[in-house]
């Protein structure tokens, strides 16, 4: 266990280094922009964002100083929890991120388990029936899903289920409920315990809001599952095929174990290791924002916010988002590595 | 030794490789999915090659990728029109010919996929091989750098780069100098030259780095919007290739035949060209084939977000983006559906062709799975 602790400490140091590298790189890119735009990286409230005040911000923070001086000052700001002012959403970057990640989380919460379980199940089935009917159908379906442009699929679903059939509207909630919640918050009859509508609906004893939120998640979840499950099926399938060809499977069969025990206890458990990595990366990628899906379905999560920010050169927002995704990415890497040691006791972390 | 003898010798030495290729093509022919993928790609390649015949650009057009407008209909209505004999796929809003856009869009798609994958592969091969082969501090630094880029959210980084990239890049003499000197020093490093030569090249490199701000302008490189998209996707994508190639080179470099070659006095360059790269080619081929599809999709996604090629450029993603407005109006959806469905089908089929081929190649080429 001590080796594991040492490993985690070593990785944490490396993690800090990578995140520092990310910040140096993006800060260097921002230096291409004039100080008037970069000043937003230091602004804390709406008062400072007014036109006349920005010159003062430039002076106070010395935005004409050399690169390393500015970088040091900016990092000390970041450690104080100030990521600057996002002028596309007219609030601080920290506030914007904390207000939006719940919408991303709402989709990921449903999509990730579906992707992982369906992917593992179908991958195992395709491997067992290699070159059989199930295998071919799974492969073809997953390749088609993987080849679809996500915005195209999303727009088709919207035009059919929202435009023609009027089953759902786009966005995270029906407009009636959005007003209801806004009224509820101002009159203290609604408490935003988590900010996630699915949970808040239950906690505030309004199950109809929970149902509505789930209904609005169905289409975006469909798009993400259709596109991302393909990768998991492929990896699971090839990993399972490899495991089924190992000598210990022949041994297990030879000593008369039932087919199910051989497949699910011996082969699948060993085949899960690469899938664990991939699932970790996949969930981290999803949590970092679903740029296209959120934009298509007007979900207002992290991804669509960052996309809008990038389109209108809202530098503080893009910077904050990049730092956040780098942190998510590196931490998920670490978690996957540690999980490895538990799934496969042979792996020694050094 | 006569030429004929040499040729004979080459034939003998290449025989196992030919046999391997034959085996590979046999496997591809036997695999229906691989064959389907190959057929789709060949179909699109023919479509692209015959584009000037199938959809001749109107007389007097300067850029064939600009979609022609039908001004006669444009006088009557701004809305899309359904397929007719004159416009067999119909027209989009403002009467851009959809058939022309789809045919020439094929060339754009090939250009997007092949350029990005090609450049990423070259960079990945150079950086990945050097990192893995020489190892040590250099490896650590290069890999941490790729870590940093991979830790970024790809699409957002690409978007930021497209926005931040200036349309004109001034190229000056010292920039070219730096590039040439850097390439030279890489080559020399591999060829194991005398130390003095290496020092001289590095001196040139450092001098040109120092002089970067003082050299005169050579020419302004003007980038189209599509160029910016391609450059941005490449800048985001190369670390992935570098990692794959580094892994493969690491696997090969400790094999016995590499040891043997080194013991018999081969240079590093010779070993890399003759043993390392040929033995890493299949996994890289699979990754590259599978990636072409996703790059075309990324470019389409950028078009969807409004930062793709010019609005009248023949690009599938751009056409889908144009037709988006009709989807939100239920009563307009059915009559205008073709403007949305047709380019979508083109893009999906194209990407599917590459994915089918790449997926099947993985099965065909994977040495642990194939001979059973």
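Residue numbers (the working numbering), protein chains in the order written: chain A, 28 to 377; chain B, 7 to 378.
Here a beta-carbon is modelled for each residue, glycine too, at the ideal position from N, C-alpha and C.
query: Hey, how far is the Cα of residue 369/A from the Cα of residue 154/B?
result: Taking the first chain and counting its residues from 1, one reaches residue 369/A at position 342. Taking the second chain and counting its residues from 1, one reaches residue 154/B at position 148. C-alpha separation (whole angstroms): 27 Å.
task: Can you have a look at residue 263/A and say buried or exposed, based on whether 16 or more other CB atoms are within 10 angstroms of its CB?
output: Residue numbering aside, residue 263/A sits at position 236 when the first chain is read from its first letter. Answer is buried; the Cβ neighbour count reaches 16.
message: Does chain A have any CB closer than 7 Å to the CB of residue 47/B?
response: Counted from its first residue, the second chain places residue 47/B at position 41. No, its Cβ sits nowhere closer than 7 Å to a Cβ of chain A.
message: If I follow the unbroken alpha helix (DSSP H) through residue 32/B, where does it start and stop?
response: Taking the second chain and counting its residues from 1, the one referred to as residue 32/B is at position 26. Note, residue 32/B: alpha helix (DSSP H), 9-36.
query: What residues from the stretch 109-131 of chain A come within 9 Å of chain B, judged by C-beta to C-beta, listed N to C?
result: none
message: Short of 8 Å Cβ to Cβ, which residues in the stretch 106-128 of chain B face chain A?
response: none
task: Could you give the DSSP three-state label for residue 214/A: helix, strand or coil?
output: Sequence index remark: in the first chain, residue 214/A carries index 187 (1-based). Residue state, collapsed to three classes: coil.
message: Under DSSP, the alpha helix (DSSP H) around residue 297/A begins and ends at which residues?
response: Within the first chain, the letter at position 270 stands for residue 297/A. First-last of the alpha helix (DSSP H) with residue 297/A: 295-314.
- prompt: Name the DSSP bridge partner or partners of residue 118/A?
  reply: The residue you call residue 118/A lines up with position 91 of the first chain. Beta-bridge pairing links residue 118/A to 113/A.
- prompt: Taking 7 Å as the CB-CB limit, is residue 186/A close to chain B?
  reply: Here residue 186/A is taken as the residue at index 159 of the first chain, counted from 1. Residue 186/A counts as touching chain B.
task: Would you be able to state if there are at least three C-beta pairs under 8 Å between the stretch 215-227 of chain A and the stretch 124-136 of chain A?
output: yes
- request: Using DSSP bridges, identify the partner residues of residue 103/B.
  value: Position 97 of the second chain, counted from the start, is the residue given in the question as residue 103/B. Answer is 97/B.
- request: For the beta strand (DSSP E) holding residue 178/B, just list the boundary residues, first then last.
  value: As a working note, residue 178/B is residue 172 in the second chain. Taken as a continuous stretch (DSSP letters only), the beta strand (DSSP E) holding residue 178/B covers 174-178.
query: For residue 149/B and chain A, any beta-carbon pair shorter than 7 Å?
result: Sequence index remark: in the second chain, residue 149/B carries index 143 (1-based). Cβ-Cβ to chain A under 7 Å: no for residue 149/B.
- prompt: Is residue 96/A near the ligand ADP, in the sense that its beta carbon is under 6 Å from a heavy atom of that ligand?
  reply: No copy of the ligand ADP appears in this structure; indeed no ligand is present at all.
message: Residues of the stretch 336-364 of chain B in Cβ contact with chain A at a cutoff of 9 Å, in chain order, please.
response: 336, 339, 340, 343, 346, 347, 349, 350, 353, 354, 355, 356, 357, 358, 359, 360, 361 and 362
- request: State yes or no: is the C-beta of residue 303/B within less than 7 Å of the C-beta of residue 357/B?
  value: Here residue 303/B refers to the residue found at position 297 when the second chain is read from its first residue. Here residue 357/B refers to the residue found at position 351 when the second chain is read from its first residue. Contact flag set, yes.
field: Partners in chain B for residue 52/A, counting only beta-carbon separations shorter than 7 Å
entry: Working through the first chain from its first residue, we reach residue 52/A at position 25. Chain B residues near residue 52/A: 154.
- prompt: According to the Cβ coordinates, are residue 247/B and residue 127/B closer than 7 Å?
  reply: Your numbering for residue 247/B matches position 241 in the second chain. Your numbering for residue 127/B matches position 121 in the second chain. Yes; because the gap between Cβ atoms is below 7 Å, this pair is in contact.
- prompt: If you compare alpha carbons, which of 169/A, 153/A and 168/A is closest to residue 162/A?
  reply: Within the first chain, the letter at position 135 stands for residue 162/A. Out of 169/A, 153/A and 168/A, 153/A has the C-alpha closest to the C-alpha of residue 162/A.
query: So what's residue 228/B in DSSP terms, helix, strand or just coil?
result: As a first step, residue 228/B is located in the second chain; it is residue number 222 there, counting from the start. DSSP places residue 228/B in strand when its eight states are reduced to three.
Alpha-carbon to alpha-carbon, residue 159/A and residue 280/A: The sequence position of residue 280/A within the first chain is 253, counting from 1. The sequence position of residue 159/A within the first chain is 132, counting from 1. Taking the straight line joining both Cα atoms gives about 21 Å.
field: Buried/exposed call for residue 342/B, threshold 16 Cβ in 10 Å
entry: Mapped onto the second chain, residue 342/B falls at position 336. Buried, because 16 or more other Cβ atoms sit within 10 Å of the Cβ of residue 342/B.
- prompt: Can at least three beta-carbon pairs, one atom from the stretch 92-112 of chain A and one from the stretch 339-357 of chain A, be found at a separation below 8 Å?
  reply: yes
message: So with CB distances below 9 Å, who are the chain B contacts of residue 261/A?
response: Counting from 1 along the first chain, the entry for residue 261/A is found at position 234. Those within 9 Å of residue 261/A in chain B are 365 and 368.
task: Taking 7 Å as the cut-off, decide whether the C-beta atoms of residue 352/A and residue 301/A are in contact.
output: As a first step, residue 352/A must be located in the first chain, where it is residue number 325. As a first step, residue 301/A must be located in the first chain, where it is residue number 274. Not closer than 7 Å, so no.
task: Kindly list the residues whose CB is nearer than 6 Å to the CB of residue 174/B, restricted to its own chain and excluding five residues on each side of it in sequence; keep chain order.
output: The count along the second chain starts at 1 and reaches residue 174/B at position 168. Answer for residue 174/B: 226 and 228, listed in chain order.
message: Could you tell me the alpha carbon to alpha carbon distance between residue 235/A and residue 201/A, rounded to whole angstroms?
response: Looking up residue 235/A in the first chain gives position 208. Looking up residue 201/A in the first chain gives position 174. Computed Cα separation, rounded: 11 Å.
query: Expressed to the nearest angstrom, what Euclidean distance is found between the alpha-carbon atoms of residue 377/B and residue 342/A?
result: Position 371 of the second chain, counting from 1, holds the residue named residue 377/B. Position 315 of the first chain, counting from 1, holds the residue named residue 342/A. At residue 377/B the pLDDT is 47, less than 50, meaning the model places this residue with poor confidence; the figure from the coordinates comes in the next sentence. In a straight line, the C-alpha of residue 377/B is about 54 Å away from that of residue 342/A.
task: List the whole-angstrom C-beta distance separating residue 257/A from residue 170/A, where the pair is believed to meet the contact cut-off of C-beta under 8 Å.
output: Looking up residue 257/A in the first chain gives position 230. Looking up residue 170/A in the first chain gives position 143. Yes, they are in contact, since the Cβ atoms of residue 257/A and residue 170/A sit about 7 Å apart, within 8 Å.
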